[in-house]
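Respectively, the protein sequence lines represent chains A and B.
Converting from the first sequence to this note's numbering requires adding 3 to each position, the first position being numbered 1.
Converting from the second sequence to this note's numbering requires adding 3 to each position, the first position being numbered 1.
The C-beta atom is built at its ideal place from N, Cα and C for all residues, glycine as well.
Structure record follows, encoded as C-alpha cells.
2 protein chains.
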Amino acid sequence: MKTLKIIKIGGHIIDSPKLLTEFLEQYAQLAAPKILIHGGGKTASTLAENLGIPVKMDQGRRITDEEMLKVTTMVYAGLLNKHIVATLQGAQCNAIGLTGADANCIEAQKRPVTDIDYGFAGDITKVNTQLILSLLEQQLSPVFCAVTHDKNGQLLNTNADTVAAAIASSLSAEFDVMLYYCFEKKGVLKDLHDEGSLLETLCLDDFTSLQQEGIIASGMIPKLHNCFEALTHGVTAVKIGIPAMLFSNIPHTTVQL
Amino acid sequence: MKTLKIIKIGGHIIDSPKLLTEFLEQYAQLAAPKILIHGGGKTASTLAENLGIPVKMDQGRRITDEEMLKVTTMVYAGLLNKHIVATLQGAQCNAIGLTGADANCIEAQKRPVTDIDYGFAGDITKVNTQLILSLLEQQLSPVFCAVTHDKNGQLLNTNADTVAAAIASSLSAEFDVMLYYCFEKKGVLKDLHDEGSLLETLCLDDFTSLQQEGIIASGMIPKLHNCFEALTHGVTAVKIGIPAMLFSNIPHTTVQL
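Encoded structure:
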C-alpha cells in the first residue's frame, strides 16, 4: 500500500507566525499524499478576549458556548485555515482547506452533558472518506481544522488531536498511514522540564504504568489515548515530537501498542 | 448542455439570520448542479467595530488593510461560509465551502494603487475549473465566499459579485450557465424607492443611457458591469432579483447584451 502522512500541528507552532511559516515551507516540500490538521486554541482565546467573550476551560478542555463557537469557527476555519492554505499554495503545494462540515467529511455529536456541559463540543461519530480520497487522487493536500458538525445544521468544536486520529483511522484501509503529532516538545517526556527525559518508545503497558505513577499527566493523556485509538484502528505508525522529525532523523516518541 | 445554476446572495439576505435560513432551506431543494456565492460585508463591518478596527470605505468599496483582511477572512471564510455549509448539510444538500485559495480555484492580483489604495483587494485573473468540475461531478454543491489569493501566499478580499461572474464565465464552456444575483430588491429599479419601477429587461444600450441620465447609480453599476461581463463570456442568462425568483415566476430583471 501507498504511504499517507497525516500531520497534526498544535501547541506553539500554530500560534507563532514565525514557527508556522517555517513549518509550512518544509511541509510544502514533503512528498504527497499528505494531510495536515491544525488547532489554534491560543489564537481563538486571544480573539475571544479582544471581543470581551469569557474563555471558559475545564481541566484544559474548552467549554464552547454559542459565542465561543463563533470565535473558534472564525479563527480555525477562517483566519488560520485560509492563511495556511494560501501559504502552502504560495509554496507550490496544492492545498485545500476543510472543516468536517464540508462535503460531510466528519460527523460528530454534541458531547452529552454530565457533570460538565462542554457546550458545542463535538465527539466524532463518523469520517466519510469519499471526498478525501478523491482529493488525494487529484494530488490535492487537504488541510483540516478542528471544526465538525452534527449533520443537522450545527457546527461543533472538536479536539484537533482527535480529528487527526479519526481521519488517520478512517484511511488505514486504503493507505499505510503514518500519523505525526507535532508540537514544541521532542515527544513524551518523563520530566516536562527536561528534554533529556524523552521516551523514545511508548507502549500501552508503559503508558498505563506511567499514568498510574502520575508521570504522564494533563494534556498528554488524551493525546496518547488518540494515539492508541489510531493504532488499534489500523494506523501503521504514530509519532510525537517537533516538526523537524518529519524531515530528519531527530529523536521523538514512537507510540506502539 | 446541462444547466448549471450559479447564485450569488448578498445585501440583507446574508446579514439577516432569518432571511438566510429561509433562503438556504429553499436553496437546498434546488436541483443540482448548483454553486452558491456569498458576501457578508455588514457582518464583517460589525466584527471590525467590535474589535475597534476602523471600517474604511471609498464610494461603497471597502479598503482592506491588514487588520481588515483578517476580519473579512474570519467572517466570510469562517463564520458565514461554514454556517451556510452546515445548514445546507442539515437540509440534505451536500455542500462544500471554498475560498479562491483552496485548490487554487481563483487567482487574483492585488489591486494596483492609483489615487486610492484599496489595500488587500483582489482583482481576479484566472479561475481554475478543474476542482470545481470534479466536485460537481461528485454531486457536491460548492459554496464560495469572496476571498481569493495571489498564488504567492497572500489572501485577497474580492467583490462577491465579481467572484460569481468570474466563476460563471469560466464554466460556460461546460454548462448552460444561469447566473442569479439575489438581494432584497425585485431587480433593477428606475426609482430605488418604488418597486413598481422595476426594469424587467435591461440591455447594454439601455444601461448606458440610464447610467448617463444618472438613473442607475452607485452600487448597481459595478453589479451590472459584472452581468454584462458574464454574458460577453458565454453565460446563458443573468437575472437580478429577490431569491423567490429562483423558485417561482416572480418579476425580476433579466440582463441582456
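Element boundaries [alpha helix (DSSP H), containing B:Cys96]: It is not in any alpha helix (DSSP H) - B:Cys96 carries neither H nor E in the DSSP assignment.
Using beta-carbon positions only, say whether B:Leu159 and B:Gly103 come within less than 9 Å of one another. yes
Any C-beta of chain A within less than 9 Å: which residues of the stretch 39-69 of chain B qualify? Leu50, Asn53, Leu54, Gly55
So what's B:Gly237 in DSSP terms, helix, strand or just coil? coil
Per the contact definition of three or more C-beta pairs closer than 8 Å, is the stretch 125-142 of chain A in contact with the stretch 169-182 of chain A? yes
With 16 other Cβ atoms within 10 Å as the buried cut-off, status of B:Glu110: buried
Give a yes or no on whether 9 Å exceeds the smallest Cβ distance from B:Ser173 to chain A. no
Could you list which residues in chain A have their beta carbon closer than 7 Å to that of B:Gly100, in chain order? Asp105
From the DSSP output, in three-state form, read off B:Asp264 for me. Summary: the structure shown does not reach residue 264 of chain B, with chain B confined to residues 4 through 260, and so no result is reported for it.
Given a cut-off of 9 Å, decide if A:Gly42 and A:Ala149 are closer than it, judged by their beta-carbon atoms. yes
Is DSSP giving B:Gly125 helix, strand or coil here? strand
Looking at the unbroken beta strand (DSSP E) that takes in B:Asp209, where does it start and where does it end? It is not in any beta strand (DSSP E) - B:Asp209 instead sits in the alpha helix (DSSP H) that spans 207-215.
So does the stretch 83-101 of chain A actually touch the stretch 87-97 of chain B, counting three or more Cβ pairs closer than 8 Å? no
Checking 9 Å against the spacing of the C-beta atoms, do A:Glu177 and A:Leu7 come in under that value? yes
What are the start and end residues of the alpha helix (DSSP H) that includes A:Asp164? 163-173
Environment of B:Ser144 [buried if 16+ CB atoms lie within 10 Å]: buried
If the criterion is Cβ atoms closer than 9 Å, does the pair B:Pro246 and B:Gln29 meet it? yes
Closest to A:Glu69 by CA distance: which of A:Tyr79, A:Gly122, A:Leu182 is it? A:Gly122
Locate the alpha helix (DSSP H) running through B:Glu140, then write down its first and last residues. 133-140
Using Cβ-Cβ distances below 7 Å, what residues of the stretch 147-160 of chain A are close to chain B? Val150, His152, Lys154, Asn155, Gly156, Gln157, Leu158
Going along the chain, which residues of its own chain have a beta-carbon closer than 6 Å to the beta-carbon of B:Lys59, five neighbours each way excluded? Ile66
In chain order, what residues of the same chain lie with their CB nearer than 6 Å to the CB of A:Ser48, ignoring the 5 residues before and after it? Val58
Residue span of the alpha helix (DSSP H) that contains A:Ser144, given as start and end: It is not in any alpha helix (DSSP H) - A:Ser144 instead sits in the beta strand (DSSP E) that spans 144-148.
Reference B:Gln259; option with closest CA among B:Ile218, B:Phe147, B:Gln215, B:Leu182: B:Leu182
With DSSP collapsed to three states, give me the class of A:Cys108. coil
Would you check if the distance between the CB atom of B:Thr151 and the CB atom of B:Ile127 is smaller than 9 Å? yes
Just to confirm, are A:Asn162 and A:Pro254 a CB contact at a threshold of 9 Å? no
DSSP on B:Asn160, reduced to helix/strand/coil? strand
Do the CB positions of A:Leu50 and A:Val74 come within less than 9 Å of each other? yes
Have a look at A:Ser212 and A:Ile218 and give me their C-alpha separation to the nearest angstrom. 9 Å
Any chain B beta carbon closer than 9 Å to A:Ala124: no
N- and C-terminal bounds of the alpha helix (DSSP H) containing B:Leu72: 69-75
Is the shortest distance between the beta-carbon of A:Thr256 and the beta-carbons of chain B less than 9 Å? no
Using 9 Å as the limit for Cβ to Cβ distance, is A:Lys37 near chain B? no
Limits of the unbroken alpha helix (DSSP H) element including A:Lys45: 44-53
Would A:Leu72 pass as a contact of A:Thr46 if the rule is Cβ separation under 9 Å? no
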